[in-house]
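*Asks:* Structure incoming, see below.
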């Protein structure tokens, strides 16, 4: 075992890659380095590296293809020469333009003449370019107009393919689709640039292999529960370390009110794994229904063994969940085994879900029993089911109505999700039934009274009609009644019009009163503002007079002080030597 093979194995252990993948990256890096320093134009270089001896074999591998006609080969070579010629011409034009610019910068004295020449040369270069572009466009149009049969024809690639006639010169037994290996000389050493390209290829290929391996590992774990550590928060997203990779917990997958501190260990459901250019994107969730199932499988051994079966799960993440449990054996209690001794098992499940309440319910094949169990802890009087529409109406007493519906309809909503039935909860009380019976009796009595009244009215009308027909007064009565109806309608219309006019007048009066009030308020405000201004002016004048008087007093005081000082200095007594306190004055 050489040091190189040990180093390769160490890289495989650190990054979890296969030995063959690392070896293939080294071979591709060596082939790129050889191509950089010693490779020719139409060589397909492949390197076989032996890590034990640190030696490599270099080959030019090509596949054997049918002989192409000479005309097509000449056309391909001519097109390649034209492309190379056009590139050379474009480079020459660019060099000419650069030289002209340099000349203009050097010769500042004859600017005008040289600028004109430069402009002419530039126009010439631009004309040449335009002509070349037109030629290219013409060629492209010709190729587009060519029939589909020519497009379908296979093109010869001299880099990876060799003709049968040329292949037989190298190997006599060569056939079509055979690979021919032409051995090349191994160089003694590679240059600095070649080593750098090899290094870049190795780093890039290793990263790609690592990303593919991580993607495959987590793609197999998709729709499974995985434990991870909270790494950090980036805006609204939380990053969770899953060991080899980092998963993303979006705000949709977070439980409402749950805190995610860095370093906390969390169980997470792998929602989906997507491949991205920077690496695999692992989307996680804490709100999915499957996470509850997986935690039950992990925490309760009877479910993982198959003694107890999870039939259905309904969940509102962060608040409450319901789980339907069923078993074949009579000796096993499904609810008791899930709850555990003193609630030890269910408490671990609740702790994993961040304090979410979990109700464990026994599954029953009969829908009536299953719905009644799903609506627990509410007590149910009766259930009416309709299997065609999958609808169930549940009768509950007034005391149990709030329990059956739950906070914000949560209990009823979870029961409907769990059972798959549409559930309508109806109040059923004995007082209500009595009230309904009383109402029915009242309605019947009222209907009977109305019938009797109608019969009496009919009898009276028949009698009146007979009398009117005899006397011929019926027509007169009808005419009078019609006239009275018309007069009543006219009076009603007049009254309505008068009422409308009165309302309009009242509204106009109110508007006028409001306007007057506003005008009066404005006038009062103006008066008050004028009075305030006058008071302010008087106060200012008083302050000015006080200040002037104070200034005058201070000036008088200063004048007296200055005069006294002057007199003292002028007629100050001096000592004349005649004794203490001489009587003479010294005049200066």
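In the numbering used here, the protein residues as written are 1 to 588. The beta carbon of each residue, even a glycine, is placed where N, CA and C say it ideally should be.
1) Applying the criterion that 16 or more other CB atoms from any shown protein chain within 10 Å of the CB defines a buried residue, is residue 253 buried or exposed?
2) Have a look at the DSSP bridge pairing and note the partners of residue 326.
3) Tell me which same chain residues have a C-beta within less than 7 Å of the C-beta of residue 163, skipping the five on either side of it?
4) Unbroken beta strand (DSSP E) runs of length 3 or more, entirely within the region 381–413: which are they?
5) Report yes if the C-beta distance between residue 292 and residue 349 is below 9 Å; otherwise report no.
6) Out of curiosity, what's the CA-to-CA distance linking residue 458 and residue 405?
7) For the beta strand (DSSP E) holding residue 620, just list the boundary residues, first then last.
8) Mind the definition here: the region 444–459 touches the region 331–350 only if three or more C-beta pairs lie below 8 Å; say whether that holds.
9) What's the C-alpha gap between residue 155 and residue 161?
10) Looking at residue 262: is its Cβ nearer than 9 Å to the Cβ of residue 286?
11) Where does the unbroken beta strand (DSSP E) through residue 48 begin, and where does it stop?
12) I'd like to check one pair, residue 247 with residue 225: are the Cβ atoms closer than 9 Å?
13) Is there contact here, the region 271–288 with the region 298–309, by at least three beta-carbon pairs under 8 Å?
14) Buried or exposed: where does residue 338 fall if 16 or more other Cβ atoms within 10 Å of its Cβ makes it buried?
15) Beta carbon of residue 370, beta carbon of residue 324: below 9 Å?
16) If we count the other Cβ atoms within 10 Å of its Cβ and call it buried at 16 or more, is residue 169 buried or exposed?
17) Which residue wins for smallest C-alpha separation from residue 37, given the options 20, 193 and 177?
18) Would you decide whether residue 448 is buried or exposed? Buried here means 16 or more other CB atoms lie within 10 Å of its CB.
19) Where are the alpha helix (DSSP H) runs, 4 residues long or more, that stay fully inside the region 182–270, in chain order?
20) Using CA atoms only, rank isn't needed, just tell me which of 46, 57, 189 and 240 is closest to residue 159.
21) Using three-state DSSP, classify residue 365 as helix, strand or coil.
22) Skipping 5 residues on each side, what residues in its chain have a beta carbon closer than 8 Å to that of residue 389?
23) Alpha carbon to alpha carbon, how far is residue 455 from residue 463?
24) Do residue 63 and residue 166 have their C-beta atoms closer together than 9 Å?
25) Can you tell me the Cα-Cα spacing of residue 478 and residue 491, whole angstroms?
26) Can you check whether the C-beta of residue 421 is within less than 9 Å of a C-beta belonging to chain D?
27) Is it buried or exposed for residue 363, if we count other Cβ within 10 angstroms and need 16 for buried?
28) By how many angstroms is the C-alpha of residue 513 removed from the C-alpha of residue 502?
29) Would you kindly report the start and end of the unbroken beta strand (DSSP E) that includes residue 281?
30) Exposed or buried, what is residue 6 when buried is set at 16 or more other beta-carbons lying within 10 Å of its beta-carbon?
31) Do you know how far the Cα of residue 461 is from the Cα of residue 493?
32) Given that a residue counts as buried once 16 or more other Cβ atoms are within 10 Å of its Cβ, and exposed if not, what is residue 242?
33) Could you have a look at residue 508 and say whether DSSP puts it in helix, strand or coil?
34) For my contact list, residue 427 and residue 401 are in at a C-beta cut-off of 8 Å; report their separation, rounded to the angstrom.
35) For residue 216 and residue 171, what's the separation of their Cα atoms in angstroms?
36) Please tell me whether residue 353 and residue 255 are closer than 9 Å, where the distance is taken between their beta carbons.
*Replies:* Quick look at the numbers:
1) Buried, because 16 or more other Cβ atoms sit within 10 Å of the Cβ of residue 253.
2) Paired residue(s): 309.
3) Contacts found: 65, 67 and 68.
4) Fully enclosed beta strand (DSSP E) runs of 3 or longer: 382–386 and 391–396.
5) Yes, Cβ-Cβ distance for residue 292 and residue 349 is below 9 Å.
6) Cα-Cα distance, rounded: 55 Å.
7) Outside the displayed span of the chain (1 to 588) sits residue 620, for which this structure offers no information.
8) No: fewer than three Cβ pairs fall under 8 Å.
9) Cα-Cα distance, rounded: 10 Å.
10) Their beta carbons are not under 9 Å apart, which means residue 262 does not touch residue 286 by this criterion.
11) Note, residue 48: beta strand (DSSP E), 45–50.
12) Contact: no.
13) In this structure the region 271–288 does not lie against the region 298–309, because fewer than three pairs of beta carbons, one per stretch, are closer than 8 Å.
14) By the neighbour-count rule (16 or more Cβ atoms within 10 Å), residue 338 is buried.
15) Residue 324 is positioned such that its CB atom lies closer than 9 Å to that of residue 370.
16) Classification of residue 169: exposed, given that the 10 Å Cβ count is below 16.
17) Looking from the CA of residue 37, the closest CA among 20, 193 and 177 belongs to 193.
18) Classification for residue 448: exposed.
19) Listed in chain order, they are 192–220.
20) Nearest option by C-alpha distance: 46.
21) Note: residue 365 maps to coil in three-state DSSP.
22) Within the same chain, residue 389 has close Cβ partners 422.
23) CA-CA distance, residue 455 to residue 463, rounds to 13 Å.
24) In this structure, the beta-carbon distance from residue 63 to residue 166 does not fall below 9 Å.
25) Linking residue 478 to residue 491 through their CA atoms gives a straight-line distance of about 20 Å.
26) You won't find chain D in this structure, because it holds only one protein chain.
27) Only buried fits residue 363, as 16 or more other CB atoms lie within 10 angstroms of its CB.
28) Distance between the alpha carbons of residue 502 and residue 513 is about 16 Å.
29) Start and end: 279–285.
30) Its Cβ having fewer than 16 others within 10 Å, residue 6 is exposed.
31) Cα to Cα, residue 493 sits roughly 32 Å from residue 461.
32) Around the CB of residue 242, 16 or more other CB atoms lie within 10 Å, so the residue is classed as buried.
33) The answer is helix: DSSP assigns residue 508 an H, G or I state.
34) The pair is a contact, with the Cβ atoms about 5 Å apart (cut-off 8 Å).
35) One C-alpha to the other measures close to 43 Å.
36) The answer is yes: Cβ separation under 9 Å.
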